[in-house]
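Read top to bottom, the protein sequences are chains A and B. If you read the first sequence in the working numbering, its first letter stands for residue 355, the second for the next number, and so on. If you read the second sequence in the working numbering, its first letter stands for residue 355, the second for the next number, and so on.
There are 2 protein chains.
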Amino acid sequence: MSDDLTRNQIDDVPDGFVPLPWHRGFGRLVGPLFEKRNEQGLTRGFRVGEHHTNGMMRAHGGMVMTFADLAWGGAVERDDDTWWVTIRLVCDFLSGAEHGAWVEGRGEIISQVDGIHTVEGKIWTEDKLLMTGTGVFKIIERRA
Amino acid sequence: MSDDLTRNQIDDVPDGFVPLPWHRGFGRLVGPLFEKRNEQGLTRGFRVGEHHTNGMMRAHGGMVMTFADLAWGGAVERDDDTWWVTIRLVCDFLSGAEHGAWVEGRGEIISQVDGIHTVEGKIWTEDKLLMTGTGVFKIIERRA
């Protein structure tokens, strides 16, 4: 995949983040993605590569929403083996992430009723908020 | 890009659809995407390839939202050179699209105030509705 960041930039992942092991499908396509779990919960992150950009050389809205789904939905993961589906996602686009920027996102569960989790989420770079929104997620049985 | 559809399946695009000419960035990554313009307006489409799928071998939610952004935002395009940004997208996930399915989407402008367009959108396959939602889009000046 073409990418005009240098290897050093690609490898420049903040301390504590580890790569997500998604080796196929859309999760692989939009990667690499990273995550960090600490007392604040699960934070996911990615660096904006050329393959994530729109015509303005910022992270494409589709990529930011894809990341929102994964970062906010991550709030319902009890372990590495929790499967969930998205029921609704509301995304407010506040500003853009430039090519090369490190982007992070996290969600907080604000309601949990009958297996339906409502999550408030944010996505940001070091210096600005990129997106806020709400996700509704349902945990499902792991499938073969 | 790996894809275990046969060449015939990949090339199986319904009459009237032409490929979108996106040759770089995220638009290229998630392609190929297609569109058809007729008396109903602009309809966009894609066939679910392996690179679009989640762990259940259906179109990943991130891909469906990316497509929603492009299919519903397309409703505000006056010509091939209209640039727009997304302000808000609300996506209700109704059902999944299997690997190999042909997916279409279209938006309808329901409000246009001070350059802000509100669009009601749908995404479907031949036999079922996959997603409904609302997009808020703003037309911007073309940038260098």
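Idealized CB from N, CA, C, for every residue including glycine. Just so you know, these numbers come straight off a predicted model, no measurement behind them.
Neighbours of A/Phe371 in chain B, taken as residues whose beta carbon is under 9 Å from its own, are absent, since the nearest beta carbon is some 20 Å off.
Beta-bridge annotation (DSSP): B/Gln466 is paired with B/His471. Taking C-beta atoms as the reference points, B/His414 and A/Phe380 count as a pair closer than 8 Å. Contact annotation for A/Thr420 against chain B: Gly416, Met419 and Thr420 [CB-CB distance below 7 Å, chain order].
Residues of the segment 427-451 of chain A that bring their beta carbon within less than 8 Å of a beta carbon in chain B comprise Trp437, Val439, Thr440, Ile441, Arg442, Leu443, Val444, Cys445, Asp446 and Phe447, in sequence order. Per DSSP, reduced to three states, the secondary structure at B/Asp434 is coil, with no helix or strand assignment. Closest option to A/Leu483, judged by alpha-carbon separation, among A/Ile493, A/Arg496 and A/Trp456: A/Trp456.
Residues of the segment 393-405 of chain B whose Cβ lies closer than 9 Å to any Cβ of chain A, in chain order: Glu404 and His405.
Using a CB distance cut-off of 8 Å, A/Thr407 counts as an interface residue toward chain B. Among the residues facing chain B, A/Gly379 is included, as its CB has a counterpart in that chain under 8 Å away.
Residue pairing by DSSP puts A/Ala413 in a beta bridge opposite A/Thr407. Per DSSP, B/Arg382 has no beta bridge partner at all. Counting only Cβ-Cβ distances below 8 Å, A/Asp423 has contacts in chain B at Gly415, Gly416 and Met419, in chain order.
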